[in-house]
Amino acid sequence: MNLFQKLLLPLMAAILIPVALLGYLSYERSKMQIEDVTSAFLQDNLQHNTAKINEFLAELDTDAFRVIASSKLQTMLQGPPPQDFFQETEFINVMKGITEELKGPFELMILPNHEEKYPNYMNSFAAFGLELNAELISKAYELGGKPYWLVKGDDNHIATNLYYVRGIRTLTDFQNAGVMVFKISNAWIGKQLITPSQYPRFRLLLTDRNANILTYNPAEKPGNSLPAPASLGQGKRNFETETIQGKPYYVASQAIADSGKELWNLVATIPVSDLTDRLNAIKAFTFWLFVISLLVMFILLFVIVRQFTSPIQQVVRHMRQVQLGRLVYFMKFGARKDEIGQMVRGFNAMIHGMETLLETTRESESEKQKLQQRMLINQINPHFLYNTLDAIKWKAESAQEASIAEMVTTLADMLRFSINDGEEWTTMERELEHVRNYVTIELLRNNHAFQVLFHVQPSLLQMKILKLLIQPLMENAVRHGMNKLTERKGKIILTIYQEDQDMIILVEDNGSGCEPERLMPYKSVSSAPGAEGGIGLYNVHRRLQLHYGHAYGVEVENVEPYGFKAQLRYPIQIAGEGQ
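Take the sequence shown: its letters are residues 1 to 579, numbered as in UniProt numbering.
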């Protein structure tokens, strides 16, 4: 993939993805707003219709109380059963007048006790559409005067009539006297429901707990425009989207309670397309606007990107010539004031610098060869010195000069440690051995005029560290602390311990200390020290900072009432990684 493609594709993606995401989010937001408005609209309609159904139930209860309170009816029901056909005929005529007076807008049927003794009266209710049996009456009596509903429907779970059944008890001793049954047509209830005229496919359904459709509005049978009855009002949320006959519908429901118990469920449905047709038109318009805008942006980006990538590609082709060793200046686009011109001028400056560097390198190589010859000669001197010291040792032992032999042996060990084929790293144990060799020589030179104590944390002995870090600190303590001490016994303490992730190397002496103006600011070195004895500490300080940064190095201070302290901080984790 070339530079043009690498620039064009991300730019296109940077425009395409946000615009597409914004369009999608806008559509989803609009859809959510429509759903919110639809939910509020359906819930408002359900609340109005629920109020009307509750009014209907309250009026029905009032009619039932009026029936129970009728003195004529109470007298008829508490009287003895008819003994012959004529007495039954008289009962039928009187009861017919009472029911006509009490029924209100609904058909009313009164069932007396011992219904088997009223055969002709019971046969007169054949057209009532309800199977009259002892179970119907006994259930009414069991409820203690509370009503219950019976539903008469077809095979599609759509009710034709609803029956309000309630026991009648005597007003004096509350004994069961009979049963009243109101017959309510589902069409009558459906006419009481209100539907919005602007949505012809809006449907209202009233269902019971057994998923029977009790009534619906509009009055015509809904057919395939309804969800399956078993899916209505069965633990669903108040508002959701359902698929009915392969089409999405908004469905809202609200429970209708009677005496604190859920009785029915009022369900409202409306096709999603009735509310989202305009939104789909907006979506189509937005899609085509997006496609056209994308095409225009692609053309503009193509032209803009090409204007910048074409000069760069030419420069790259010229750079390939440089890779082949041809240092030739690039003569195009140098007069441009933009970044392309700056790049060309920078490239030509680089070519000039490379030519200068090649010339300098040739001169340096010549000088390097001369230095290597000198290094080969100088490398002979340390080995010659070591061999000479070894010969002096044997001479001293032959002359039985043990102290001279010990000093020469120790000095030879120090020289061997220092040479060590130019190795820069060592272990703490070997570094301490080198320090002890140095201390041994100084003690012999000074006739054991001072004392040296070592306190080292054992876990640090095998740690990798830079070579020749501690000996300059010890040398500084001997030369500037012990050599100037005349009034008391000299003492040097070397302490090595771990502090968090760092190792602390502390060298303290009880010498005369250092003049304040000569203390070097080791944590912020601004210039090399010029005082005698400071060069070794300064070199250690600079080595640490070059390897590990300004957080590490050497700090020095005077100790009251007398003495001097040098502290070296070294990183344990970095040191553990070694070379």
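Positions of the beta carbon are idealized from the N, C-alpha and C atoms, including for glycine. Nothing here was measured: the structure is a model prediction, and the numbers come from that model.
Within the model, the alpha-carbon separation for LEU358 versus VAL322 is close to 14 Å. Listed in chain order, the non-local C-beta contacts of ILE158 below 6 Å within the same chain comprise ILE213, local neighbours out to five positions each way being set aside.
Nearest neighbour of GLN462 by Cα position, chosen from MET354, GLY536, LEU443 and MET503, turns out to be MET503. Partner residues in the beta bridge of SER253, as assigned by DSSP, are VAL267. In this structure, the CA atom of LYS247 is about 11 Å from the CA atom of ILE270.
Rounded to whole angstroms, ALA13 and GLY23 show a C-alpha spacing of 15 Å. Closest in alpha carbon position to HIS541, among GLU142, THR486 and LEU466, is LEU466. Looking at the backbone, the Cα of THR440 and that of HIS480 are separated by about 17 Å.
Between the alpha carbons of GLU107 and HIS48 lies a distance of about 27 Å. In the DSSP assignment, THR75 falls within the alpha helix (DSSP H) that extends over 71 to 78. Comparing C-alpha distances from LEU460 to each of LEU432, GLY553 and GLU557 shows the shortest one belongs to LEU432. In the three-state reduction of the DSSP assignment, VAL559 falls in the coil class.
Nearest neighbour of ASN133 by Cα position, chosen from LYS464, GLU240, GLY104 and GLU115, turns out to be GLU115. VAL179 is the residue among VAL179, TYR118 and ASN123 whose C-alpha sits nearest the C-alpha of GLU142. A residue is called buried once 16 or more other Cβ atoms fall within 10 Å of its Cβ, and TRP264 is buried on that count. In this structure GLY513 is buried. Its beta-carbon is surrounded by 16 or more other beta-carbon atoms within 10 angstroms. Listed in chain order, the alpha helix (DSSP H) runs fully inside the segment 437 to 513 are 470 to 477, counting runs of at least 4 residues. Around the Cβ of SER253, a 10 Å sphere holds 16 or more other Cβ atoms; the residue is buried. In the DSSP assignment, PHE128 falls outside any alpha helix (DSSP H), carrying neither H nor E.
Judged by DSSP in its simplified three-state form, SER197 adopts coil rather than helix or strand. Ranked by how close their Cα comes to the Cα of ILE92, the residues TYR164, PRO105 and PRO112 have PRO112 in first place.
Excluding its 5 nearest sequence neighbours in each direction, SER293 has C-beta neighbours in its own chain below 8 Å: VAL19, listed in chain order. When secondary structure is reduced to three states using DSSP, VAL181 falls in the strand class. Contact between the segment 60 to 71 and the segment 38 to 47 is absent, with fewer than three C-beta pairs closer than 8 Å. In this structure, SER70 places its C-beta atom within 8 Å of the C-beta atom of ILE98.
When Cβ pairs closer than 8 Å are counted between the two stretches, the segment 81 to 88 is seen not to touch the segment 162 to 171, the count staying below three.
The DSSP-derived three-state label of ALA159 is strand.
Looking at PHE450, ASN123 and ASN176, the one whose alpha-carbon comes closest to that of ILE68 is ASN176. Secondary structure at PRO119: helix, using DSSP grouped into helix, strand and coil. When GLN78, GLY129 and ILE184 are compared, the shortest CA-CA separation from ILE53 is found for ILE184.
Secondary structure at LYS332: coil, using DSSP grouped into helix, strand and coil. When C-beta atoms of the segment 120 to 128 are compared with those of the segment 191 to 201, fewer than three pairs fall below 8 Å, so the two segments do not count as touching. For GLY97, the enclosing alpha helix (DSSP H) has its first and last residue at 85 to 102.
Secondary structure at THR172: coil, using DSSP grouped into helix, strand and coil. Straight-line measurement puts the Cα of GLN545 at about 6 Å from the Cα of TYR552.
Here the alpha carbons of PRO119 and ARG169 stand approximately 22 Å from one another.
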